[in-house]
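Q: Protein chains in written order, with this note's numbering: chain A, 1 to 305; chain B, 306 to 829; chain C, 830 to 1142.
Idealized CB from N, CA, C, for every residue including glycine.
All values derive from a computational prediction rather than experimental measurement.
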Amino acid sequence: MTDQPFVPDGTSLQEDTSRAAGRVVRRPILEALLVAMKEPWTIVCLTVLGGFVLVAAFAPLIAGDPMAINPALRLKPPSPDAWWGRDHLGRDVFSRAVFGTRISLIIGFSVAVIAVIPGVTLGVLAGLTKIGGTIVMRIVDAMMAIPAVLLAIALAALLQPGLTTVIIAISIPEIPRMVRLVRSVVLSIREQPYVDAAISVGTGGLPLVFRHVLPNTVAPVIVQATYAAASAIIAAAILSFLGVGTPPDVPSWGGMMADARKYFQFYPSLMAYPGVLLSLLVLVTNVLGDRLSDVLDPRKSTRRL
Amino acid sequence: MLRHTVRALAAALLLSVATQASSEEVLRLRLNGDVNTLDPIATTNFTIRNAAYLMYDTLFALDENYTVQPQMAEGASVSDDGLTYTITLRDGLKFHDGSDVTAQDAVASIKRWGSVDGLGRILFGKMETIEATDDNTLVLTLNEPWGLVLDALGKISSNVPVIMPAEMAAKPASEPIEVPMGSGPYRLLPDEWVPGSIVVLEKFEDYVPRDEPASMAAGGKVAHFDRVELQYIPDTATAINALIAGEIDWIEEVPADMLMFFDGVETAKTIAARQSGNSMQLVVNHLNPPFDNPKVRQALQWAIEQTPFLQAAYGDATDRYLECAAVFFCDTPYASDINTDGVLQRDPDKAKALLEEAGYDGTPVLLMHVTDISTHDIYYSVLKPMLEEAGFNVEVQPADWATVATRRASKEPVADGGWNLFFTGWGFVDQSNPMTNVYVSGDCGDAWFGWACSEELQKLRQEFANAPTDEERRKLAARMQEVTHDLVSYVPVGQAFPSIGIASDLKGYIDGPVPFFWNVHRVN
Amino acid sequence: MLRYCATRLIAGIPTLLLVSIFIYSLIHLTPGDPAVLLAGDNATPSQVNEIRARLNLDLPLWQQFSIWFSDALRLDLGASIYSGKPVTWLIAQRVEPTLVLSLTTLVLTVLISIPLGAVAAWKANSIVDRLCMAFAVIGFSVPVFVIAYMLVYLFAVEWRIFPVQGYKPLSNGLLTTLHSVTLPAISLALVFSALIARVTRASVLDALGENYIRTARAKGLSAPRILFLHALKSVGVPVVTVVGIGFATLIGGVVVTESVFNIPGIGRLTVDAITQRDYPVIQGVILFFSASLILINLLVDLSYALIDPRVKG
Chain A
1 MTDQPFVPDG
11 TSLQEDTSRA
21 AGRVVRRPIL
31 EALLVAMKEP
41 WTIVCLTVLG
51 GFVLVAAFAP
61 LIAGDPMAIN
71 PALRLKPPSP
81 DAWWGRDHLG
91 RDVFSRAVFG
101 TRISLIIGFS
111 VAVIAVIPGV
121 TLGVLAGLTK
131 IGGTIVMRIV
141 DAMMAIPAVL
151 LAIALAALLQ
161 PGLTTVIIAI
171 SIPEIPRMVR
181 LVRSVVLSIR
191 EQPYVDAAIS
201 VGTGGLPLVF
211 RHVLPNTVAP
221 VIVQATYAAA
231 SAIIAAAILS
241 FLGVGTPPDV
251 PSWGGMMADA
261 RKYFQFYPSL
271 MAYPGVLLSL
281 LVLVTNVLGD
291 RLSDVLDPRK
301 STRRL
Chain B
306 MLRHTVRALA
316 AALLLSVATQ
326 ASSEEVLRLR
336 LNGDVNTLDP
346 IATTNFTIRN
356 AAYLMYDTLF
366 ALDENYTVQP
376 QMAEGASVSD
386 DGLTYTITLR
396 DGLKFHDGSD
406 VTAQDAVASI
416 KRWGSVDGLG
426 RILFGKMETI
436 EATDDNTLVL
446 TLNEPWGLVL
456 DALGKISSNV
466 PVIMPAEMAA
476 KPASEPIEVP
486 MGSGPYRLLP
496 DEWVPGSIVV
506 LEKFEDYVPR
516 DEPASMAAGG
526 KVAHFDRVEL
536 QYIPDTATAI
546 NALIAGEIDW
556 IEEVPADMLM
566 FFDGVETAKT
576 IAARQSGNSM
586 QLVVNHLNPP
596 FDNPKVRQAL
606 QWAIEQTPFL
616 QAAYGDATDR
626 YLECAAVFFC
636 DTPYASDINT
646 DGVLQRDPDK
656 AKALLEEAGY
666 DGTPVLLMHV
676 TDISTHDIYY
686 SVLKPMLEEA
696 GFNVEVQPAD
706 WATVATRRAS
716 KEPVADGGWN
726 LFFTGWGFVD
736 QSNPMTNVYV
746 SGDCGDAWFG
756 WACSEELQKL
766 RQEFANAPTD
776 EERRKLAARM
786 QEVTHDLVSY
796 VPVGQAFPSI
806 GIASDLKGYI
816 DGPVPFFWNV
826 HRVN
Chain C
830 MLRYCATRLI
840 AGIPTLLLVS
850 IFIYSLIHLT
860 PGDPAVLLAG
870 DNATPSQVNE
880 IRARLNLDLP
890 LWQQFSIWFS
900 DALRLDLGAS
910 IYSGKPVTWL
920 IAQRVEPTLV
930 LSLTTLVLTV
940 LISIPLGAVA
950 AWKANSIVDR
960 LCMAFAVIGF
970 SVPVFVIAYM
980 LVYLFAVEWR
990 IFPVQGYKPL
1000 SNGLLTTLHS
1010 VTLPAISLAL
1020 VFSALIARVT
1030 RASVLDALGE
1040 NYIRTARAKG
1050 LSAPRILFLH
1060 ALKSVGVPVV
1070 TVVGIGFATL
1080 IGGVVVTESV
1090 FNIPGIGRLT
1100 VDAITQRDYP
1110 VIQGVILFFS
1120 ASLILINLLV
1130 DLSYALIDPR
1140 VKG
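(1) Does any C-beta atom of chain B lie closer than 9 Å to the C-beta of L239/A?
(2) Under 7 Å Cβ to Cβ from E379/B, same chain only, skipping five residues before and after it: list those, please.
(3) If we count Cβ pairs, one from each stretch, closer than 8 Å, do we get three or more for the segment 122-129 of chain A versus the segment 92-100 of chain A?
(4) Could you tell me the boundaries of the beta strand (DSSP E) in which I609/B lies?
(5) Whose Cβ in chain B lies nearer than 7 Å to the Cβ of L306/A?
(6) I need the straight-line Cα distance from A408/B to G487/B, nearest angstrom please.
(7) If you reduce the DSSP assignment to three classes, tell me which class K405/B lands in.
(8) Name the chain B residues that come within less than 8 Å of A985/C, Cβ to Cβ?
(9) Under 7 Å between beta-carbons, which chain B residues line up against A72/A? List them in chain order, please.
(10) Counting only beta-carbon atoms, is N954/C nearer than 9 Å to chain B?
(11) Between M143/A and the ligand GDP, is there a pair consisting of the residue's CB and a ligand heavy atom that are separated by less than 8 Å?
(12) Hey, is T1029/C's beta-carbon within less than 9 Å of any beta-carbon in chain A?
(13) Quick one: is L75/A near chain C, going by C-beta distance under 9 Å?
(14) How big is the Cα-Cα spacing for L1122/C and V1083/C?
(15) How long is the line joining the alpha carbons of I168/A and S240/A, rounded to whole angstroms?
(16) For L1131/C and Y833/C, what's the separation of their Cα atoms in angstroms?
(17) Buried or exposed for K812/B, going by 16 or more other Cβ atoms inside 10 Å?
(18) Going by C-alpha distance, which of V213/A, I234/A and L277/A is nearest V111/A?
(19) Name the DSSP bridge partner or partners of R86/A?
(20) Would I609/B pass as a contact of L688/B if the rule is Cβ separation under 9 Å?
(21) With H, G and I counted as helix, E and B as strand and the rest as coil, what does DSSP make of G1082/C?
(22) Is D554/B closer than 9 Å to R333/B when the C-beta atoms are compared?
(23) Beta carbon of V745/B, beta carbon of T774/B: below 9 Å?
(24) Look at the alpha carbon of V719/B and the alpha carbon of V670/B, and state the distance between them as a whole number of angstroms.
(25) Taking K130/A as the reference, which of A156/A, V186/A and V113/A has the closest Cα?
(26) Nearest by alpha-carbon distance to G582/B: which of N341/B, F821/B, L336/B and F802/B is it?
(27) With a cut-off of 9 Å, does the C-beta of P147/A fall near any C-beta of chain C?
(28) Output the boundary residues of the beta strand (DSSP E) element that contains R492/B.
(29) Under the three-state reduction of DSSP, which class applies to C45/A: helix, strand or coil?
(30) Taking CB distances under 9 Å as the criterion, tell me whether F728/B reaches chain A.
(31) Taking 9 Å as the cut-off, decide whether the C-beta atoms of P481/B and A347/B are in contact.
(32) If you measure between the beta carbons of L935/C and V1072/C, is that distance less than 9 Å?
(33) Consult DSSP for L890/C and reduce its assignment to one of helix, strand or coil.
(34) State whether the segment 522-542 of chain B contacts the segment 369-388 of chain B, with contact taken as three or more CB pairs (one from each stretch) at a distance under 8 Å.
(35) Can you find a C-beta in chain B that's less than 9 Å from the C-beta of V981/C?
(36) Taking beta-carbon pairs under 8 Å, can you tell me which members of the segment 1080-1093 of chain C lie near chain B?
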């Protein structure tokens, strides 16, 4: 583990900007990723994640209608036409779990993307311009002063219920974190003499951003987005648990667990199936995030003696 | 083995943390909702009504035969022309601050109640004056004879005409009283009240119960506990586990599919509360298409049957529900099975034919699927495929109850925030009485949400109020049902009897449409 | 130092103003009407309108906000729409359970995570390390309510060691209180320790690489001695940082655990207020949380100076 390839400097989550200064030498990120891909644990995690993606993509071929209710069959144990039994409305638990994979992946992926786009844009803006920086960071400070979960609950409860609302409610509290991260990276790059020079001779603006700034933010942003995806999947389940999550016509794991909690003592499997699947998906995403952070962030990797 | 060790450890641990040695008898109750106000006039909320009965008293009350009996009143006399009611208060009535209850307090309280309550407004419409002639006597004069004056004053459900001090009753009914005070058997401890969590009451030592034995809301209200705690435990499974573990004594409602929690349990049991039956209705908005067309409304009636709803909500507990299409509830004086075929039977083909006849153009029916109340959630899930099969074009929009409750007040078209259908529930006492049942008013724009319009219904209600004999009233009620189901002012989706969860060592529980906690005591 | 604190606190005021405006527009621009809920299930439309007028809900939004804000400056956060109680009073009533739960969680977290992280670092890349870190990753991959329900089922329903629900105030004695918050604190601590164990491991690894520890190791000092005397000294700063960052996470967890265990804390007050649309309470509680967050961050920064003399406050 000692001789990790040298990769550009980034700023990890828990560190402040003052320590972020360092040489900025760009190196293809792909190459770093290829190194990571050779790790056995990475392979396992990628396989599991790939499995989830396949299940989600081919859900209609794998399972029947997740919404078909059948009150006469409520809470029936597993049978050939409902492998994992039926829930309190007689719906097929297996079908719901399969379609729920879709929802979780959509939520994780969308939140990551939605957090990245405004996050990077505002972060670069805040890092490069003084006035922009002040305004953006004021707003970011205010948003970060509201506990993320509370903000998500408030958004989810007060807006029109729906999958989109859940995604938005979870994404919005993620954005300020992304802005802070990107800004700190940008600030560290600005300290480089050549960037400073480029700014002072007036070759700033968009070319500077695209040539020198953005490429350096890619690595830490990917790591952060992976963590955001993992925590988004959990956050969605928590929203469902509190009754403000995905609506009933969306078969989600969180919704299944929320429905199952009444019957937890008698039909633990109703909560176990979605619970285990959800934890597994979040687990592999987190582990992949760790591996990415190891290969993309040198200070973290060198730390591992 | 492990289990035994753990049990032994547990016992030791429990001993070490045993709560303060107290000989105080505490009754811990879990009502369906939070007691965030104790003003049963400012809201019709049943949780508040139930809590209010502990601390307030009423002039009259219903006994177990549903006849009115004096409670705070010593008695009442009616003049020969039926226009003047003289009510005297019994001796020794005290508010919780020790001051005497006077006739002036009673007059002010009844005026406040009469400004909001449905039956109260009818009473005040027929009333010339109400005044206290001395500290113990109040006199009501009517402008026409009305047989239901004492029934109104002894009303058992929301809004209950409770008596409070005159200065409190001076507040408008839309403004909840912050630190409420009554004259009932238990006294509120305002400092220990944590809205959203707990209400604490203690025995009011100066309360003098009537001599008669307790009979539903009437008779002697004897407080057997030093302290009553109303705990708000939102999660039902948690509440049931707490009841079984002895942490609380009583749960207002155990959902039918959770009765299995009590299998083989000795510390607690469930009782079917037959008197506090309630029913669910699908309310239809008569103002918006497609249900502004009577034929489409009839198609809706034929599209629906009750069994799947009841099965989904109550599961195997078949003794806890009843298919019932009677407008005034089944097993009640005004129950009838006239004109109920369309309600009880389902015929998608007939519905389709009616839709075609009506020229239904596929206008989407908006379902605001309520997600935060479990029964509602289930009912909407069952309703959607039924409507679709009958040829309706359905559009689902998830919502919470708060949103639906707001939106149902709107008379606008659906696109501008109006609505088509929603589910709600009414209790036995409110619905079994043609004077308080909201679906038979036919009051058009002034009616309850849905605004069903029928001059005949309006007339029938008038006649009912003035009908001299029971037989005549029954006939009028049957006709009301006939018209109501023709009009499809709503579609009934079944009647249910909630189960009460109660600690096994509680005795003397009163079966009534409202849970009452006087007379209840603990036996060892 | 005092001046620093004062500056920081004053800098927090515009933040709180922004928070207020943000939350205010959010709750007032969304559908749902507290007047309807207040009137009760079976109220008539005119009853609803009377209540709406009384609550000023018919005034324009900016007017409602300016009324609220000028009161807030005088620390009057208004009153609950439902109970009519002052919001500040409602919050004050709920502080104790939340505070006790959070502190118990913090203590448990430190007891679990610091040894775990230290051992993992000491045995870096061994099986022990892998197991510790696997525990840590699993800890924040399982939703907290799943852990909570499993704990309730085992320890409260099956074995009857702890109560199923509820909170016993400190006035009943410390032991009784702790007994009532043990299960919720454990469920929260499991999640929270995952975070801190990882940071501890990283910091201890860093420290183990430093010269003075290498020397100590070379001198043949025993493992525990080196770990606890030298290496753990240096974990203070990053751990405090994470506690600061984690506080927001902890609040999220508190909201959920308070719901599962029926603890009358601020978390439940918030969720109830949001679902009931009790506007003044939502507004006040979120403001309260934001203010505490700002305060905690200040304390975290100050404690750097105390824990690690190398850092200047």
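A: Per the coordinate set shown:
(1) Not an interface residue.
(2) T393, L394 and R395
(3) no
(4) Taken as a continuous stretch (DSSP letters only), I609/B belongs to no beta strand (DSSP E), as it is neither H nor E.
(5) Nothing about residue 306/A can be reported from this structure: the residues present for chain A run from 1 to 305 only.
(6) 14 Å
(7) According to the sequence as given, residue 405/B is Asp; it is not Lys. Here D405/B sits in strand by DSSP.
(8) N546 and A550
(9) Q616
(10) no
(11) Among the components of this structure there are no ligands whatsoever, and the ligand GDP is therefore not found.
(12) no
(13) Not one chain C Cβ lies under 9 Å of L75/A.
(14) 14 Å
(15) 14 Å
(16) 10 Å
(17) exposed
(18) I234/A
(19) In DSSP, R86/A forms a bridge with D92/A.
(20) yes
(21) It is helical.
(22) Yes, Cβ-Cβ distance for R333/B and D554/B is below 9 Å.
(23) No; because the gap between Cβ atoms is not below 9 Å, this pair is not in contact.
(24) Straight-line Cα distance between these residues: approximately 9 Å.
(25) V186/A
(26) F802/B
(27) yes
(28) Y491 to L493
(29) helix
(30) Not an interface residue.
(31) yes
(32) yes
(33) helix
(34) yes
(35) yes
(36) When CB distances to chain B are screened at a threshold of 8 Å, the residues of the segment 1080-1093 of chain C falling below it are S1088, V1089, F1090, N1091 and P1093, in chain order.
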